[in-house]
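Asks: Below is a structure I'd like to ask you about.
Numbering (this note's numbering), first residue to last: 810 to 979.
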């Protein structure tokens with residue numbers, strides 16, 4: 810099984826299950842991220858294929874696809890991985906910090922999901938992200954300011970990979 814076949818086959822199965830004459834509703838929540846260059850197929854292409862397959866669902870089935878960006882909240886997620894670096898006075902962006910950073914706060918995401926589940930007008934592709942992305946360097950400057958710590962040391966990929974691996978293994 811590969812990155813493309815798994816979501817497409819499960820979406821096709823959902824489509825087939827909802828093809829009866831009885832109207833039903835189907836909400837499919839998804840998140841997207843930019844793919845690394847070494848991936849066989851660009852994640853954006855995979856997402857477009859997945860969305861295309863899902864949107865071909867029976868016309869009586871309401872489909873809401875939520876594209877979820879990086880989720881920020883005080884109890885975990887991306888911030889939980891970034892804050893320790895700032896607390897050790899070693900905070901900063903990944904690399905040079907010029908990459909765009911799309912994000913959404915956990916509370917806002919919960920509201921988007923709730924609205925998509927309860928309001929028929931929510932259908933098709935919905936962006937679960939703040940309206941204005943920022944450069945990662947700018948976001949790190951703000952985070953450092955809030956924490957009373959500098960944002961001066963770019964985090965090498967190796968350090969981030971080690972932290973992510975440690976979190977996954979714990």
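Just so it is clear, CB atoms sit at the ideal spot from N, CA and C, and this is done for glycine as well. Just so you know, these numbers come straight off a predicted model, no measurement behind them.
1) May I ask which residues mark the beginning and end of the alpha helix (DSSP H) holding residue 926?
2) Mapping the DSSP letters down to three states, classify residue 978 as helix, strand or coil.
3) Just to confirm the assignment, what range does the alpha helix (DSSP H) spanning residue 937 have?
4) Would you mind sorting residue 902 into buried or exposed? The rule is 16 or more other CB atoms within 10 Å of its CB.
5) Thinking C-alpha only, which one of 894, 879, 938 and 854 is nearest residue 958?
6) If distances are taken between C-alpha atoms only, which option among 853, 870 and 851 comes closest to residue 933?
7) Identify the continuous beta strand (DSSP E) that holds residue 873 and give its terminal residues.
8) Note down, in chain order, each residue of its chain lying with its Cβ closer than 6 Å to the Cβ of residue 936, except the 5 sequence neighbours on either side.
9) So is residue 961 buried or exposed if we call it buried at 16+ other beta carbons inside 10 Å?
10) Consult DSSP for residue 888 and reduce its assignment to one of helix, strand or coil.
11) Please return the same chain residues whose Cβ sits closer than 7 Å to the Cβ of residue 942, not counting the five positions on each side in sequence.
Replies: According to the data block:
1) 915-927
2) helix
3) No alpha helix (DSSP H) contains residue 937, which is instead part of the beta strand (DSSP E) from 933-937.
4) buried
5) 894
6) 870
7) 871-877
8) 876
9) exposed
10) helix
11) 909, 910 and 911
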